[in-house]
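Numbering (UniProt numbering), first residue to last: 1 to 238. Where is the CB? At the ideal position from N, CA and C, for every residue including glycine. For reference, the structure discussed in these notes is given below.
Structure (structure tokens):
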């Protein structure tokens, strides 16, 4: 259950949402796309996305997709792929129906090489389950880079990535926010990433927003007792 949620995403900024597992972070991310758990009802008529009411935007996404406006990188990358269709076929559909472009194999494989995905002549003929979880996560992030949306929602996007790939992905997210005007909504539990990435941080607990703070000089300095407890716990493991 949520209680009176309110936050704002700004162009050129990275807004991080943090909180313990079960606090409602992922559910909030999916609600921006009109996806709610069975039996849930959400009164969000006052929420707006790119000048549209959230219900209207969610309905538009369901009918035709809207990746150029708002794009989700899910925590579970398996949700992004049809398990029984070749990856190349799905990418062709992504380019044709989502981006409105002709599939550019060279562009895709070049991007994957930068991300440390091993490519060979058969990679596009493989089924999604033949890739590791980390590889599928990187492919999802690559689709976000190709879509270049106005709003990018990322749910724990660095899960399963090695240190070098994580660094590359975070650099690309910063680049998108800075160079293209993208508003980034980054969900994570990793406060180390938050300090290096965020413009603003919203702390969530049990379906409620505890506080929203601005990051100054790359320091996470919460005011709430819950935020301070999170920071204390992090420092115990540094």
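C-beta contact flag for residue 167 and residue 20 at 9 Å: As a working mapping, residue 167 is identified with position 167 in the chain shown. As a working mapping, residue 20 is identified with position 20 in the chain shown. Their beta carbons are not under 9 Å apart, which means residue 167 does not touch residue 20 by this criterion.
Reduced DSSP secondary structure (H/G/I, E/B, other) of residue 155: Counting from one through the chain shown, the residue named residue 155 turns up at place 155. It is a strand residue.
Inter-residue Cα distance where the pair is residue 247 and residue 165: This structure does not reach residue 247, given that the chain is present from 1 up to 238, and the question cannot be answered.
Between the CA atoms of residue 81 and residue 225 - distance to the nearest angstrom: Position 225 of the chain shown, counted from the first residue, corresponds to residue 225. Position 81 of the chain shown, counted from the first residue, corresponds to residue 81. Cα to Cα, the separation comes out at about 41 Å.
Supposed contact pair residue 191 and residue 231 - C-beta distance, whole angstroms, cut 8 Å: Numbered from 1 along the chain shown, position 231 holds the residue referred to as residue 231. Numbered from 1 along the chain shown, position 191 holds the residue referred to as residue 191. Indeed, because the Cβ distance is near 7 Å, the residues count as touching under 8 Å.
Residue 177 burial status per 10 Å Cβ neighbour count (16 or more: buried): Counting from one through the chain shown, the residue named residue 177 turns up at place 177. Residue 177 should be labelled buried.
Cβ-Cβ distance between residue 200 and residue 209 below 9 Å: The sequence position of residue 200 within the chain shown is 200, counting from 1. The sequence position of residue 209 within the chain shown is 209, counting from 1. Not a contact, by the Cβ cut-off of 9 Å.
Bounding residues of the alpha helix (DSSP H) (the contiguous stretch that carries residue 171): In the chain shown, the residue the question calls residue 171 occupies position 171. Element bounds for residue 171: 163-179.
Enclosing beta strand (DSSP E) for residue 212 [first to last residue]: Start at 1 with the first residue of the chain shown, and residue 212 comes out as number 212. That run of the beta strand (DSSP E) goes 208-214.
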